[in-house]
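I have placed the structure first, in the form of C-alpha cells, so that the comments after it can refer back to it.
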Amino acid sequence: MPARILPAISAEPAALLPERFLQWFASRGWSPREHQLELLAKARKDRSALLIAPTGAGKTLAGFLPTLVELSAPPPVVGEGAKKNVISTGRGVKRTGGLHTLYISPLKALAVDIARNLEAPIAEMGLPIKVETRTGDTPVSRRQRQRRYPPDILLTTPEQLALLLSSDDAPFLFGSLKRIVLDELHALVTSKRGDLLSLGLARLWRLAPEMRGIGLSATVAEPESLARFLVPQRDRKIEAADIVVAGGAAAPVVEMLDTRERLPWAGHSARHALGEMYELIKRNKTTLVFVNTRSQAEMLFQDFWRMNDDGLAIALHHGSLDVAQRRKVEDAMAAGRLRGVVCTSSLDLGIDWGDIDLVINVGAPKGSSRLMQRIGRANHRLDEPSRAVLVPANRFEVLECAVAIDAIAENAQDTPPLRIGALDVLAQHVLGCACGEPFLSDELYEEVLTSAPYSGLTRADFDDVVDFVATGGYALKTYERFARIKQDKQGRWRVANPRVRQSYRLNVGAIVEEPMLKVRLVRSRGGGAGSTGALGRGGRMLGEIEEYFIEGLVAGDTFVFGGEVVRYEALAEDQVYVSRANDADAKVPSYMGGKFPLSTYLAERVRKLLDDKRAWNALPDQVRDWLSLQRHFSRVPAVRELLIETFPRGNKHYLICYPFEGRLAHQTLGMLLTRRMERARVRPLGFVANEYAVAVWGLGDMSFMIRHGKLDLNALFDPDMLGDDLEAWLAESALMKRTFRTCAVISGLIARRFTGEEKSRRQVLFSTDLIYDVLRKHQADHVLLRAARADAATGLLDLKRLGDMLSRIQGRIIHRELDRVSPLAVPVMLEIGRESVYGEAADELLAEAADELVREATG
Amino acid sequence: MARLSKVSIADVSFLADLSGALFWQEQRLLVVSDLHLEKGSSFAARGVLLPPYDTVATLSRLAAVIARHDPRMVIALGDSFHDRDAHERLSAPDRDALSAMQARRDWIWISGNHDPALPSDLGGVVASEVAIGNIMFRHEPTGAAGEIAGHLHPKARVATRGRSMERRCFACDGERAVMPAFGAYTGGLSIRDPAFAKIFQTPGLMAHVLGDNRLHAIAASRCY
Numbered sequence: 001m002p003a004r005i006l007p008a009i010s011a012e013p014a015a016l017l018p019e020r021f022l023q024w025f026a027s028r029g030w031s032p033r034e035h036q037l038e039l040l041a042k043a044r045k046d047r048s049a050l051l052i053a054p055t056g057a058g059k060t061l062a063g064f065l066p067t068l069v070e071l072s073a074p075p076p077v078v079g080e081g082a083k084k085n086v087i088s089t090g091r092g093v094k095r096t097g098g099l100h101t102l103y104i105s106p107l108k109a110l111a112v113d114i115a116r117n118l119e120a121p122i123a124e125m126g127l128p129i130k131v132e133t134r135t136g137d138t139p140v141s142r143r144q145r146q147r148r149y150p151p152d153i154l155l156t157t158p159e160q161l162a163l164l165l166s167s168d169d170a171p172f173l174f175g176s177l178k179r180i181v182l183d184e185l186h187a188l189v190t191s192k193r194g195d196l197l198s199l200g201l202a203r204l205w206r207l208a209p210e211m212r213g214i215g216l217s218a219t220v221a222e223p224e225s226l227a228r229f230l231v232p233q234r235d236r237k238i239e240a241a242d243i244v245v246a247g248g249a250a251a252p253v254v255e256m257l258d259t260r261e262r263l264p265w266a267g268h269s270a271r272h273a274l275g276e277m278y279e280l281i282k283r284n285k286t287t288l289v290f291v292n293t294r295s296q297a298e299m300l301f302q303d304f305w306r307m308n309d310d311g312l313a314i315a316l317h318h319g320s321l322d323v324a325q326r327r328k329v330e331d332a333m334a335a336g337r338l339r340g341v342v343c344t345s346s347l348d349l350g351i352d353w354g355d356i357d358l359v360i361n362v363g364a365p366k367g368s369s370r371l372m373q374r375i376g377r378a379n380h381r382l383d384e385p386s387r388a389v390l391v392p393a394n395r396f397e398v399l400e401c402a403v404a405i406d407a408i409a410e411n412a413q414d415t416p417p418l419r420i421g422a423l424d425v426l427a428q429h430v431l432g433c434a435c436g437e438p439f440l441s442d443e444l445y446e447e448v449l450t451s452a453p454y455s456g457l458t459r460a461d462f463d464d465v466v467d468f469v470a471t472g473g474y475a476l477k478t479y480e481r482f483a484r485i486k487q488d489k490q491g492r493w494r495v496a497n498p499r500v501r502q503s504y505r506l507n508v509g510a511i512v513e514e515p516m517l518k519v520r521l522v523r524s525r526g527g528g529a530g531s532t533g534a535l536g537r538g539g540r541m542l543g544e545i546e547e548y549f550i551e552g553l554v555a556g557d558t559f560v561f562g563g564e565v566v567r568y569e570a571l572a573e574d575q576v577y578v579s580r581a582n583d584a585d586a587k588v589p590s591y592m593g594g595k596f597p598l599s600t601y602l603a604e605r606v607r608k609l610l611d612d613k614r615a616w617n618a619l620p621d622q623v624r625d626w627l628s629l630q631r632h633f634s635r636v637p638a639v640r641e642l643l644i645e646t647f648p649r650g651n652k653h654y655l656i657c658y659p660f661e662g663r664l665a666h667q668t669l670g671m672l673l674t675r676r677m678e679r680a681r682v683r684p685l686g687f688v689a690n691e692y693a694v695a696v697w698g699l700g701d702m703s704f705m706i707r708h709g710k711l712d713l714n715a716l717f718d719p720d721m722l723g724d725d726l727e728a729w730l731a732e733s734a735l736m737k738r739t740f741r742t743c744a745v746i747s748g749l750i751a752r753r754f755t756g757e758e759k760s761r762r763q764v765l766f767s768t769d770l771i772y773d774v775l776r777k778h779q780a781d782h783v784l785l786r787a788a789r790a791d792a793a794t795g796l797l798d799l800k801r802l803g804d805m806l807s808r809i810q811g812r813i814i815h816r817e818l819d820r821v822s823p824l825a826v827p828v829m830l831e832i833g834r835e836s837v838y839g840e841a842a843d844e845l846l847a848e849a850a851d852e853l854v855r856e857a858t859g
Numbered sequence: 001m002a003r004l005s006k007v008s009i010a011d012v013s014f015l016a017d018l019s020g021a022l023f024w025q026e027q028r029l030l031v032v033s034d035l036h037l038e039k040g041s042s043f044a045a046r047g048v049l050l051p052p053y054d055t056v057a058t059l060s061r062l063a064a065v066i067a068r069h070d071p072r073m074v075i076a077l078g079d080s081f082h083d084r085d086a087h088e089r090l091s092a093p094d095r096d097a098l099s100a101m102q103a104r105r106d107w108i109w110i111s112g113n114h115d116p117a118l119p120s121d122l123g124g125v126v127a128s129e130v131a132i133g134n135i136m137f138r139h140e141p142t143g144a145a146g147e148i149a150g151h152l153h154p155k156a157r158v159a160t161r162g163r164s165m166e167r168r169c170f171a172c173d174g175e176r177a178v179m180p181a182f183g184a185y186t187g188g189l190s191i192r193d194p195a196f197a198k199i200f201q202t203p204g205l206m207a208h209v210l211g212d213n214r215l216h217a218i219a220a221s222r223c224y
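Written as C-alpha cells, this is what we have:
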C-alpha cells in the first residue's frame, strides 16, 4: 500500500478533543495545532502515523495527545464492562489497566525531560495517568515495581526496551500495550540502535497486536521509507504508516560569513574568523557555535577565552566531557545565563533550550539535513525564522557552504536511506529472545521479517545467525557441548544456563564506543616518560578521551582537553594522567574530520557549482579568483569527470585526483591506489586524503609514465581495484579490524562487561585483532566477517561510495600534466605532513622509530 | 635475511626469527614460547565461543619455522597448552601435525604455569628448566644472567607523528631475554610494564619488534 501523505487538514477540534483538553488549551491561550489534531484522527482510526515536523512544532505533545485523550476517558463501570479491562497474566494474577503507551527516545536525558514536560498537562487537567521513566539510572527497586505494577506511560530507551523484552514476564508487561511513540526517529534509524529497536518492535507487534505506532521525526529525504519502520511488514509487501507533515515553519535565514580576512587554503580551525564570530556572539543573546570535532571545539573555546575582553559567559559542550560538567552547562543554558556555547554534535539532539537566537556552524556543513537540524536548534518557535551563519574554514568549504545554503532554500534533504538490518544486532536479539520465552526458529524468522530493516533477510542468513548464537557458527563443529542456547524436544531454543542470561543483560545494546580512557589532572613531575613509577595517583577527573588518540602521544606532548592545555604524563590501566601545561600552543589532536563525511548530495552539488561558471559570481572574490586561476593553469573538473593532475615538486612527483566523495572513501581509494602504483613501479611514498581530493606522491615520474603509456590511468582507476587489491588490503587494515571489533562486541562474541568480580579492563580485553586474523584465514565467509564487511561498505571504508564513483568516472578521466602544483591542489598539498603518511605500513613506522635511535646514538 | 636478526645473550649469538622464535645456530636449537594451544576451546568452555582455529594456526606457523631452520632440538618454553586439560582437546589432525614436527629431532616441553603437569604421551620430554652452557631456559624469568624465558608476552608500542603501533617483541638487554608469545591468540604486556623493570635492571633494554617483513631494534625507553 502506498504511503499517504496528507497535508494537515483542518479537523474539528471539538470532535477529537474532550472538553477538558479544549479548556486546557484555552487556559494556556493556545489552540491545538493542525498536525496535533491530525494525529488524534489517525489514532481514532486505529492507524499508525509518522509525524514529520521541524523543532518547535509541539511535536512531543502531538505524539502524546492520543494517549492522554484515551486515558482520560472515565474508567469503565463496575460489572460487565470491568471484565474487559482485566488482563490475565498467565500466572494467576489478574489486574486492570497495565502499560498503555511506551515512549522511546535516543537519549535518556530526553526521556527524563519529556516526563517532566508531561507532568504539567496531566496535573493541570487532573488526568488519572501515571508516567514513569526507566533508564540505566533507575534504581533496582523501582525497576522491579515497574514490572509488577507498570505505569500507564513508560518513557525509556531502545536498550532498556531490549532488556524488558528479554525477561520472561514480557508478555505480562506488554500485553496491554496500545501505542508506542518513537521520538527523534530520523536519528535513531541511521544506526545499529535503530536495528535493535526495529527488532524490539517486531517482538511487540507479536506480544501486543493492538499496538499502533507514532513516529516523530525531523524532515528526511525519504519519509515513505521511514514510515515503513512503524508498521509490521507482511508477506514481503511494503507496508507503511500514514504520514502527517506539520507545515507552517518559517524558512530559516542562513548566510555565509563574508569574511574581511584572508580565507585560508586549508585547515579546519576557522581561526581567521575568530574576531568576527566573537562579534556575532556579542551582538546576540545566546549563540550556539557548532563545530565538527571535539578537538575543534576545544581549540575554538580556548581562542574565544583568550580574546574575551568583555567577559562573555561562553561555555564548552562535547561528548567527552565529564557528565556532571555537561549537565552544568545545559542547566546554565536553560536558565539563560550563557551567551555562547561551543559544541559538537553532542547538542544535535534533544532537550529544548529555549532562547537561542543564533546558530554559527563552523567548518564544513557535511550534509544539508544535518545542517538544517542544527539550525533548527535556534529559536524553538515555529513562526519565527531560525537564524544561522556558516563560517567556512577554507576555500573548499566555501563551496560546500554555498551549496548547502541553496539546498536549505530548496528544503532539499540528504538523510541516508533506511538501513539494512545488521547481522550482529540480530545475533544479540536472538540471544535476548532465548533469554525470555523459548522460541521456534520458524516463528522467530517470521517475526523478524516484520521489521522493516530486516524484511529482506534470507532464511540462510537467519539460520547462520542462530547457529552463531548457539555454537559460534564455525565450520569446525567442536563447540556443541559449550552451546549458549539449546533446543528442547519440541525444537524450541532456550538459554543453556543462567550465566548466559546474566551476560546478555550486562552486554545489551548496539552502541560500541571507542575504547575510552579517563583523563585525570595531576601535578607534573617533569621529565618523566611513559611509565607510572613515582606519579601520584588520583587527581581531578577531566573527562574521557579515545584510547587511540593517547596511543599516538609521547610523554611530554601537549594537547587541549576540557578547555585547558595539558601535558601527557603517563598511562596506567584506564587512566591517563595529564598535568597543566603553560604552553599557549598545544599539539592539538589531529583533525579526525568527525564521524560524518561530506554527503553524496552536497558533493554532487559542489561538482555542479564548479562546472557552472556563471554561478561563481555569487562566491566571495577570493574563491572566484582561485577557481579562475585553476581554469587558467589546469582545468576545473566538469560534473561527471574525474580530473587527475600530475606534477613534480622538490625531488618527488605528485598525482592529485578530485573525486569529491568524502574523506572515508578517499582514504580507502588512497590505500588501494598506492598498492596499484607500487605494482606499476611508480614507487609511491605516501598519500593524503581530504573530503575533496586524494594526493599520492612518489619517486617515479608519473607524468612521464602516463605520457609513454607506462601508467594507464583507466586501468589504475578501474573498479576491479575493489576485488583482489581490496581483499589483500582488508587482511591487514586497522580500520577493518576496528569494524570487526564492533561486530564482535554487539554480536556477543566478546563481552564488554563481565559478571562477578570486575577485573581490570586490560586484563580481560581479548584482542579482537587476533580473532580477526585467525577467522579470516580459516573461515572467510563466517557470519561475523560478513557483518563486518557490510559495515565497512557504508562505514569507515565507505566502499559503496567508492564503487559508485569508480563506475561513474569510467571513460571520463581527464589528465593534466603540469609543471607545478595547481591552485586546486594547494589545499590537499597543505595537508601533507599533518596527516599520517602511507596509512598502515608498519615497517615504515617502526623503521623510523629505530632510525631515531641511531641518530641519538651517533649524533 | 630481513626475517632474522642477530641477538647476543650472555656472549652467545642467537638469531631472532620474525615469527617470534629464537634460533641458536651453533646448537641447531630452536626455541618458541607460550604457544597457548587450545586457548580458543578453553574460552569456549567458559561461554566465549572464539573461533576454534587457533591451534591449527599456531601449529602451522610452528611447522613453517621448523622447516626453515631444520633444528636438531626444539624447546617449547612453557605455557605450550592453555590449560591443564588442553592437550586432551587436541584434534587428531593437530596431534598428527605435532608428531610430524617432533620426528627426527629432540623435543623438550618446559612446563609453565598454564601447563604445570604435562603428560608423557605428547612426545618429547618434559622438564622444568634446561641449561646448555651458560644459557638457562625456563618459563618464568628470574632476571639471572644468561636466562631465556617467556611467560610475560612482551609487546612494544611505538608512537611516531601522532600514530602508534603495537607489536610483539623480544625483550633483551644482552645478558638475558624474554621471548614473545608464539600462540595465535596470545596478547601481550607492554615492555614498559614494571614487571620488565624487575627483570632487566640494567639500562639498555631493547625491544626487537616483530614488524610485517622485518625485525626492528628499538630501545625500550622509546616504547610505551
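As you go down the protein sequences, you meet chains C and A in turn.
The numbers in my numbering rise by one with no breaks, and the one at position 63 of the first sequence is 63.
The numbers in my numbering rise by one with no breaks, and the one at position 146 of the second sequence is 146.
Ideal Cβ placement from N, Cα and C applies to all residues, glycine included.
Predicted model, so just to flag it, every value in this text is computed and none were measured.
Residue i: contacting residues in chain C (beta-carbon distance under 8 Å)
i	result
A/Ser8	Here the premise fails: no neighbours, minimum Cβ distance about 17 Å.
A/Ala184	Leu770, Asp773 and Val774
Residue i versus residue j - alpha carbon distance
i	j	result
C/Val606	C/Glu397	10 Å
C/Ala427	C/Ala483	14 Å
C/Arg676	C/Asp725	8 Å
C/Ile941	C/Lys192	One cannot answer for residue 941 of chain C here, as it falls past the ends of chain C, which runs 1 to 859.
C/Gly81	C/Asp152	In this prediction, C/Gly81 scores a pLDDT of 41, lower than 50, which makes its location untrustworthy; the coordinate-derived value is nonetheless stated afterwards. Those two C-alpha atoms are separated by around 19 Å.
A/Asn213	A/Asp17	11 Å
C/Pro860	C/Thr60	With chain C covering only 1 through 859, there is no way to say anything about residue 860 of chain C.
Simplified DSSP state of residue i, which is helix, strand or coil
i	result
C/His317	strand
A/Cys223	coil
C/Asn117	helix
A/Met165	strand
C/Met256	strand
C/Tyr445	helix
Partners in chain A for residue i, counting only beta-carbon separations shorter than 8 Å
i	result
C/His778	Pro51, Tyr53, Val56 and Ala57
C/Gly472	Ala44, Leu49, Leu50, Pro51 and Pro52
Contact list for residue i against chain A, beta-carbon separation under 7 Å
i	result
C/Ser767	Gly187
Residues that residue i contacts on chain C, provided the C-beta gap is smaller than 9 Å
i	result
A/Ala177	Residues of chain C passing the Cβ test: none, with the nearest at roughly 18 Å.
* Any 3 or more C-beta pairs closer than 8 Å across the segment 815 to 822 of chain C and the segment 641 to 652 of chain C -> Yes, the segment 815 to 822 of chain C is in contact with the segment 641 to 652 of chain C.
* For the segment 478 to 500 of chain C, which residues have a CB atom closer than 8 Å to at least one CB atom of chain A, in sequence order? -> Thr478, Tyr479, Phe482, Arg484, Arg499 and Val500
* For the segment 232 to 266 of chain C, which residues have a beta carbon sitting closer than 7 Å to at least one beta carbon of chain A? -> Within the segment 232 to 266 of chain C, no residue has a Cβ lying closer than 7 Å to any Cβ of chain A.
* Asked: Of the residues that make up the segment 24 to 50 of chain A, which ones have a beta carbon closer than 9 Å to any beta carbon in chain C?
  -> Gly40, Ser41, Phe43, Ala44, Ala45, Arg46, Gly47, Val48, Leu49 and Leu50
* Between the segment 716 to 734 of chain C and the segment 1 to 19 of chain A, do three or more beta carbon pairs fall short of 8 Å? -> no
* To do: Please list the residues of the segment 501 to 520 of chain C that have a C-beta atom closer than 8 Å to any C-beta atom in chain A, keeping them in chain order.
  => Ser503
* To do: Count the CB pairs spanning the segment 430 to 439 of chain C and the segment 481 to 499 of chain C that are closer than 8 Å, and state whether there are at least three.
  => yes
* With contact counted as at least three CB pairs below 8 Å, one residue from each stretch, are the segment 45 to 61 of chain C and the segment 205 to 223 of chain C in contact? -> yes
* **Residues in the segment 113 to 133 of chain A having any Cβ partner in chain C nearer than 9 Å** => So the list is empty, because no residue satisfies the distance condition.
* To do: With 7 Å as the C-beta to C-beta threshold (strictly closer), list the residues of the segment 201 to 218 of chain A near chain C in chain order.
  => Val209, Gly211, Asp212, Asn213, Arg214, His216, Ala217 and Ile218
* Asked: Do three or more CB pairs link the segment 560 to 570 of chain C to the segment 329 to 338 of chain C at distances below 8 Å?
  -> no
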